[in-house]
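Enquirer:
Number of protein chains: 2
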Amino acid sequence: MKIDPDDKTDLSAQIAGAIREEIMAGRLIVDARLPSEAELADHFAVSRPTVREALKRLAAQSLIRTARGAFGGAFVNRLSYPEAYGQHITTSTLLLSMNRVSFDVACEARYALERACTPLAAERRTPDTLATMRAEIHRQAQPGLTDEAFCASDVTFHRALVDSAGNPVLSYQLAGAVEAMQPLMNMITFTARSREAILGLHTRIADALERHEAEATQAALGELESYTLTLGRDVMAARARPKG
Amino acid sequence: MKIDPDDKTDLSAQIAGAIREEIMAGRLIVDARLPSEAELADHFAVSRPTVREALKRLAAQSLIRTARGAFGGAFVNRLSYPEAYGQHITTSTLLLSMNRVSFDVACEARYALERACTPLAAERRTPDTLATMRAEIHRQAQPGLTDEAFCASDVTFHRALVDSAGNPVLSYQLAGAVEAMQPLMNMITFTARSREAILGLHTRIADALERHEAEATQAALGELESYTLTLGRDVMAARARPKG
DNA sequence: AGACATTTAAATGTCTGACAAATGAAAATT
DNA sequence: AATTTTCATTTGTCAGACATTTAAATGTCT
Chain A
4 MKIDPDDKTD
14 LSAQIAGAIR
24 EEIMAGRLIV
34 DARLPSEAEL
44 ADHFAVSRPT
54 VREALKRLAA
64 QSLIRTARGA
74 FGGAFVNRLS
84 YPEAYGQHIT
94 TSTLLLSMNR
104 VSFDVACEAR
114 YALERACTPL
124 AAERRTPDTL
134 ATMRAEIHRQ
144 AQPGLTDEAF
154 CASDVTFHRA
164 LVDSAGNPVL
174 SYQLAGAVEA
184 MQPLMNMITF
194 TARSREAILG
204 LHTRIADALE
214 RHEAEATQAA
224 LGELESYTLT
234 LGRDVMAARA
244 RPKG
Chain B
4 MKIDPDDKTD
14 LSAQIAGAIR
24 EEIMAGRLIV
34 DARLPSEAEL
44 ADHFAVSRPT
54 VREALKRLAA
64 QSLIRTARGA
74 FGGAFVNRLS
84 YPEAYGQHIT
94 TSTLLLSMNR
104 VSFDVACEAR
114 YALERACTPL
124 AAERRTPDTL
134 ATMRAEIHRQ
144 AQPGLTDEAF
154 CASDVTFHRA
164 LVDSAGNPVL
174 SYQLAGAVEA
184 MQPLMNMITF
194 TARSREAILG
204 LHTRIADALE
214 RHEAEATQAA
224 LGELESYTLT
234 LGRDVMAARA
244 RPKG
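Each protein sequence line maps, in turn, to chains A and B.
Just so it is clear: in the first sequence, position 4 is 7 by the numbering used here, and no numbers are missing.
Just so it is clear: in the second sequence, position 3 is 6 by the numbering used here, and no numbers are missing.
1. Hey, is the segment 26–44 of chain B in contact with the segment 222–240 of chain A, meaning 3+ C-beta pairs nearer than 8 Å?
2. Starting from the N-terminal side, write out each stretch of the alpha helix (DSSP H) that is 4 residues or longer and does not extend beyond the segment 104–179 of chain B.
3. Closer than 8 Å by beta-carbon distance: list the chain A residues that pair up with B/R55, in chain order.
4. By the 10 Å Cβ neighbour count, where 16 or more other Cβ atoms means buried, how is B/G179 classified, buried or exposed?
5. Thinking A/S167 and A/R127 are a contact (beta carbons under 8 Å), I'd like their distance in whole angstroms, please.
6. Taking only beta carbons into account, state which residues of the segment 12–41 of chain B come closer than 8 Å to chain A, listed in chain order.
7. DSSP beta-bridge partners for B/G76?
8. With DSSP as the reference, identify every bridge partner of B/R36, one or two as the case may be.
9. Give the DSSP-derived three-state secondary structure of B/F252 in the structure shown.
10. Going along chain B in order, which residues have a C-beta closer than 9 Å to the C-beta of A/A44?
11. Excluding the 5 residues preceding and the 5 following A/C154 in the sequence, name in chain order all residues of the same chain whose CB lies nearer than 7 Å to its CB.
12. Quick one: measure Cβ to Cβ for A/R162 and B/A63, integer angstroms, because I've assumed they're closer than 8 Å.
13. By the criterion of Cβ-Cβ separation under 7 Å, what are the contact partners of A/L116 in chain B?
14. What residues in the segment 82–99 of chain A have a beta carbon less than 9 Å from any beta carbon of chain B?
15. Is the segment 40–56 of chain A touching the segment 6–19 of chain A in the sense that three or more CB pairs, one from each, lie closer than 8 Å?
16. Examine the Cβ distances between the segment 118–132 of chain B and the segment 99–106 of chain B and report whether three or more of them are shorter than 8 Å.
17. Would you check if there are 3 or more beta carbon pairs closer than 8 Å linking the segment 139–150 of chain A to the segment 205–217 of chain B?
18. Comparing the C-beta of B/V165 with each C-beta of chain A, is any distance below 8 Å?
19. Which one of A/S65, A/D45, A/E40 has the shortest CA to CA distance from A/A73?
20. Can you tell me whether DSSP reads B/Q64 as helix, strand or coil?
21. Between the alpha carbons of B/A240 and B/I191, how many angstroms are there, rounded?
22. What three-state label does DSSP hand B/H205 in the structure shown?
23. Quick one: Cα of A/G75 to Cα of A/P38, how far?
24. Flag A/L212 as yes if its beta-carbon sits less than 8 Å from any beta-carbon of chain B, otherwise no.
25. Figure out for me which residue from B/L123, B/I140, B/A183 has the closest Cα to the Cα of B/T96.
26. Out of B/R81, B/R118, B/E42, which has the shortest C-alpha to C-alpha gap to B/A217?
27. In whole angstroms, give me the CA-to-CA distance for B/L164 and B/V108.
28. Please report how far the alpha carbon of B/A243 lies from the alpha carbon of A/S174, in whole angstroms.
29. Taking the straight line between their C-alpha atoms, what separation do you get for B/H91 and A/Y84?
30. On a Cα-Cα basis, can you pick out the residue from A/R71, A/R68, A/K5 that is closest to A/L43?
31. Contact defined as beta carbons within less than 8 Å: I believe A/A112 pairs with B/Q176. What is the distance between those atoms, to the nearest angstrom?
32. By Cβ distance, which residues of its chain are closer than 6 Å to B/T53, with the 5 residues on each side in sequence left out?
33. Count the other CB atoms, across all protein chains shown, that sit within 10 Å of the CB of B/E199; report buried if there are 16 or more and exposed otherwise.
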């Protein structure tokens, strides 16, 4: 585990990289204890603050956790699903919001991925995921709901749809696509009319899943994509026009 | 932008969280300059090393970049696709390797996602992505290839397939699924016989894409999934047996 | 006036040394 | 034996200092 003395980049970045390599290569396994900060400082011939900066970088990626006290220290962290979700959602959301990704492209990606889940979801949906979807449908029918709350409920509904596939890896991968769309969706003003249309499609999806009908689910999801695309395009077109 | 004085967690984590919030909420926009480390230390009533640890956490997530010199400082970073890819792949790979995710579950997720790309890929594949796929097929036919090199080539092939869909958001989301499978695939010993089978399916996929035939692509991909699953199960079964 | 060299202020990068706080093991005490 | 105390270890935080980098500002020469 060494660093390049000729490298111009930050020492803390180099050290973090070296340790990250060890973890990803499996040479540092889960729950293994790293040397103490003082020992690491000695090993890399740097000061303790520099080592600490490196460790904080790793902690930010949930690669390590630290504990104070006599037998504390930095330990290789078992990356949990919630931690991975958080990382993925943060990255996905910022990628979309910072790169002028068009509504169309984001929407296409999201629905393509969701469609990938429907055959599995129709087969494996549980009473639990169905109940979540029904509850969100009910919430979305409340007239007093703000647009933000409607969007948030929409996200919960779609996550339940994805979770129906019963594959945690799939859920993790989809989390980024679904959640990252929310800021874009939040730009849309949902009229009573559009809410009604979406609600109807959500109901069709839930019904089809309940009856284990993959094709019907797919069809309703396809219509939802088209409709969402229309709503989004209207908003984007209005924004693009001068004078607003 | 404040921190909770009652919070027990690290000050640097709190400060990083506060700044991250500002970025994700859009109150700190791309290329905006953060206050200098001294000013931040003053603002949060902490020392400069603590502020630096917070900034390193954000840098680890590519949320900020720093520059030295008179008009340097920390700037909100526009998250690029390559940076996002890297984050996603790191997280996905570790999630799979640290959580005893079964080969079946990972494989199912990966191929479900890839299938989501095939209709778009068949429609939009370019000479460029096709050329990449052909080149990798050619490489995979070399007899001297190690198992690791074969796997790496396989990843490149599948990424070209995903890129054929012409949707960068989709490519980004899929990168995690495809790359994270590689360590699991590396456990497999590819015999001449299995390489031949995979090669044949890869060729069928490339041919079908070239002819814009979505269904044929889908079918070949489905067979590849079944075959991969068989190979993986054999390996895992052998590993599970005592005495090896 | 314009081109080039020099200075300088501001910022990050790094180091040293120190103290506080937490933590679990070991020793001392009841 | 159970409980309390002590103690070494380790991370968390702070203060102050110096090194390095950078671009603007200044000075100098043609």
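C-beta: ideal position from N, C-alpha, C; glycine also.
Expert: Looking at the atomic coordinates:
1. no
2. 106–127, 130–143, 150–166
3. By 1-based counting over the second sequence, the position of residue 55 of chain B is 52. What B/R55 touches in chain A: P52, E56.
4. Against the second sequence, residue 179 of chain B aligns to sequence position 176. So B/G179 counts as buried.
5. Here residue 167 of chain A refers to the residue found at position 164 of the first sequence. Here residue 127 of chain A refers to the residue found at position 124 of the first sequence. Going by Cβ atoms, the distance from A/S167 to A/R127 rounds to 6 Å, so yes, they are a contact pair.
6. S15, A16, A19, R23, I26, M27, G29, V33
7. The count along the second sequence starts at 1 and reaches residue 76 of chain B at position 73. Paired residue(s): B/A70.
8. Indexing the second sequence from 1 puts residue 36 of chain B at position 33. B/R36 is bridged to B/F78.
9. Given a span of 4 to 247 for chain B in the structure shown, any question on residue 252 of chain B remains unanswerable.
10. Taking the first sequence and counting its residues from 1, the one referred to as residue 44 of chain A is at position 41. Those within 9 Å of A/A44 in chain B number zero; the least Cβ separation is about 14 Å.
11. For the purposes of this step, residue 154 of chain A is taken as residue 151 along the first sequence, with counting starting at 1. Answer for A/C154: Q185, M188, N189, listed in chain order.
12. Locating residue 162 of chain A in the first sequence gives position 159, counting from the first residue. Locating residue 63 of chain B in the second sequence gives position 60, counting from the first residue. In fact, because the Cβ distance is near 27 Å, the residues do not count as touching under 8 Å.
13. Numbered from 1 along the first sequence, position 113 holds the residue referred to as residue 116 of chain A. What A/L116 touches in chain B: L116, A119, Q176.
14. L82, S83, Y84, E86, A87, Q90, H91, T93, T94, S95, T96, L97, L98, L99
15. yes
16. no
17. no
18. Taking the second sequence and counting its residues from 1, the one referred to as residue 165 of chain B is at position 162. B/V165 does not count as touching chain A.
19. For the purposes of this step, residue 73 of chain A is taken as residue 70 along the first sequence, with counting starting at 1. Closest option to A/A73, Cα to Cα, is A/E40.
20. Numbered from 1 along the second sequence, position 61 holds the residue referred to as residue 64 of chain B. Of the three classes helix, strand and coil, the one that applies to B/Q64 here is coil, per DSSP.
21. Taking the second sequence and counting its residues from 1, the one referred to as residue 240 of chain B is at position 237. Taking the second sequence and counting its residues from 1, the one referred to as residue 191 of chain B is at position 188. So the alpha carbons of these two residues sit roughly 12 Å apart.
22. Taking the second sequence and counting its residues from 1, the one referred to as residue 205 of chain B is at position 202. B/H205 falls in the helix class under three-state DSSP.
23. Along the first sequence, one-based indexing puts residue 75 of chain A at 72. Along the first sequence, one-based indexing puts residue 38 of chain A at 35. If you take the alpha carbons of A/G75 and A/P38, they lie about 10 Å apart.
24. Looking up residue 212 of chain A in the first sequence gives position 209. Not an interface residue.
25. Position 93 of the second sequence, counted from the first residue, corresponds to residue 96 of chain B. Taking only the C-alpha atoms, the option nearest B/T96 is B/A183.
26. In the second sequence, residue 217 of chain B corresponds to position 214, counting from 1. Nearest C-alpha to B/A217: B/R118.
27. As a first step, residue 164 of chain B must be located in the second sequence, where it is residue number 161. As a first step, residue 108 of chain B must be located in the second sequence, where it is residue number 105. So the two alpha carbons sit approximately 21 Å from each other.
28. Numbered from 1 along the second sequence, position 240 holds the residue referred to as residue 243 of chain B. Numbered from 1 along the first sequence, position 171 holds the residue referred to as residue 174 of chain A. Computed Cα separation, rounded: 27 Å.
29. The count along the second sequence starts at 1 and reaches residue 91 of chain B at position 88. The count along the first sequence starts at 1 and reaches residue 84 of chain A at position 81. Using only the alpha carbons, I get a separation of about 13 Å.
30. Locating residue 43 of chain A in the first sequence gives position 40, where the first residue counts as 1. Out of A/R71, A/R68, A/K5, A/K5 has the C-alpha closest to the C-alpha of A/L43.
31. As a working note, residue 112 of chain A is residue 109 in the first sequence. As a working note, residue 176 of chain B is residue 173 in the second sequence. That belief holds up - the Cβ atoms of A/A112 and B/Q176 are roughly 6 Å apart, short of 8 Å.
32. Here residue 53 of chain B refers to the residue found at position 50 when the second sequence is read from its first residue. Excluding positions up to five away in sequence, the list reads L14, S15.
33. To locate residue 199 of chain B, count along the second sequence from 1; it is residue 196. Exposed, since its Cβ has fewer than 16 Cβ neighbours within 10 Å.
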